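So the structure is just underneath, and the comments pick up after that.
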Amino acid sequence: MSANASVTVEIDRGRISEPALCRNCNTNHSMVLIHNRSQYTDKQITKLQESPDDMPPGQTPHTIMLFSHNDLVDAVQPGDRVTVTGIYRATPMRVNPRQRNVKAVYKTYIDVIHFQKTDKKRLYSKDPDG
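The sequence shown runs 0 to 129 under numbering that gives the first Met the number 0.
Below, the structure is given as structure tokens:
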């Protein structure tokens, strides 16, 4: 039996919570994900490293993960010098992925809103007039 019902469900932390009950016919576990009707967005995870030129000698550059979505995917290439505007987020790390227990340690990342490619020549110009 088909009720021809559709439901919009958002993805939360990479998981789809499929509805258990059809509201039209009140049947349990009758909803099925139809992939060709689904809408997906692009997502890219990039590692940003602190510029070695701006660091004291002997210090290791810090890194942070960047999460880019939709139009920002592939906006920058490896080796590009960029300024990033985004939302700094912290999520607790799980002790075991199957349990709800979390550590007191947080995983940090940036949700990117904008990339600005920087031109090294423009930033460090040795032009006497400029």
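Note that CB positions come from ideal geometry on N, CA and C, so glycine has one too. Since this is a predicted model, take the numbers as computed values, not measurements.
With distance defined between alpha-carbon atoms, name the residue in the options nearest to residue i.
{"i": "T117", "options": "V104, K102, P56, S50", "result": "S50"}
{"i": "D79", "options": "N25, T45, D41", "result": "T45"}
{"i": "N69", "options": "V6, C24, I112, N100", "result": "I112"}
{"i": "N25", "options": "A4, A103, E9", "result": "A4"}
{"i": "H34", "options": "R99, I15, R22", "result": "I15"}
{"i": "R36", "options": "T7, V104, A74", "result": "T7"}
{"i": "A74", "options": "P60, D41, Y105, P55", "result": "D41"}
{"i": "T135", "options": "H61, R22, D52, P55", "result": "The structure shown does not extend to residue 135, since the chain is modelled only from 0 to 129, so the question has no answer here."}
Keeping to the same chain, check which residues put their C-beta closer than 6 Å to that of residue i; ignore five residues upstream and five downstream.
{"i": "Q38", "result": "none"}
{"i": "Q43", "result": "S67, V72"}
{"i": "R99", "result": "none"}
If I measure Cβ to Cβ from residue i and keep anything under 8 Å in the same chain, skipping five residues before and after, which residues do I get?
{"i": "I130", "result": "One cannot answer for residue 130 here, as it falls past the ends of the chain, which runs 0 to 129."}
{"i": "A19", "result": "N27, H28, M30"}
{"i": "K102", "result": "P91, M92, R93, V94"}
Below 8 Å on the Cβ atoms is my guess for residue i versus residue j; work out the distance and round it to an integer in Å.
{"i": "Q58", "j": "V81", "result": "That pair is no contact at about 21 Å."}
{"i": "L32", "j": "E17", "result": "6 Å"}
Please classify residue i: does DSSP put it in a helix, a strand, or coil?
{"i": "L32", "result": "coil"}
{"i": "N100", "result": "coil"}
{"i": "L122", "result": "Residue placement at L122 cannot be trusted, given a pLDDT of 42 that sits under 50; what the coordinates show is reported in the next sentence. Reduced to three states, the DSSP call for L122 is helix."}
{"i": "N23", "result": "coil"}
{"i": "D52", "result": "helix"}
{"i": "D11", "result": "strand"}
{"i": "D70", "result": "helix"}
{"i": "Y87", "result": "strand"}
{"i": "Q115", "result": "strand"}
{"i": "Y39", "result": "coil"}
{"i": "T59", "result": "coil"}
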